[in-house]
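Shown next, in structure tokens, is the structure this report addresses.
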Amino acid sequence: MKEQKVKKQKTYIYIRLNIMFLCIFVLFSAIIMQLGKVQIVEGEAYKNQVENSQNETTSIPVPRGQILDREGKTVVNNKSLRTITYTRVKGIKSEDILKTAKDLAKVLEMPEQDINKLTDIDKKDFW
1 MKEQKVKKQK TYIYIRLNIM FLCIFVLFSA IIMQLGKVQI VEGEAYKNQV ENSQNETTSI
61 PVPRGQILDR EGKTVVNNKS LRTITYTRVK GIKSEDILKT AKDLAKVLEM PEQDINKLTD
121 IDKKDFW
């Protein structure tokens, strides 16, 4: 009688373990299928989304005040200017960056003398 109880308990344990392993297998299979769907089916859409997010235009007004001395005369008068900031992305060559900078200078109608003012140290930042 005691042996039958022990055998029954062991069979219940084996059944429970098999059910647990089956559940784990089903869950991992679902995860792998979802991963395949994301990479294979929707991969191109996500790739395009990443490429589009790399070019971001932001316009933030820069309100600043004047600095006055004790007599009320203006010591520093700030003026808002628009700036362009470029963040280097992996895989971009230095020649491409320089070409983009030159094209941008033409579009912005930057004077040639301002372009020539760039020092070697400024240019080395791009290399």
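In this text, residue positions in the sequence shown follow the UniProt record's numbering: the first is 1, and each later residue adds one. The beta-carbon is built from N, C-alpha and C at its ideal position, and this holds for glycine as well.
Between I84 and L98, the CB-CB gap reaches or exceeds 8 Å. CA-to-CA, the gap between L35 and N78 works out to about 53 Å. In the three-state reduction of the DSSP assignment, I67 falls in the strand class.
Considering only K8, I15, L17, S80, the residue with the shortest C-alpha distance to R64 is S80.
Short of 8 Å from the beta carbon of T100, and not among the five residues preceding or following it, lie these beta carbons of its own chain, in chain order: Y86. Take V76, set aside five residues on each side of it, and the residues of its chain with a beta-carbon closer than 8 Å to its own are Q66, I67, in chain order. No residue range can be given for V89, since it is assigned to no beta strand (DSSP E) and is classified by DSSP as neither H nor E. Taken atom to atom, the span from the alpha-carbon of L108 to that of I60 is near 19 Å.
Assignment of T74 by DSSP, reduced to helix, strand and coil, places it in the strand class.
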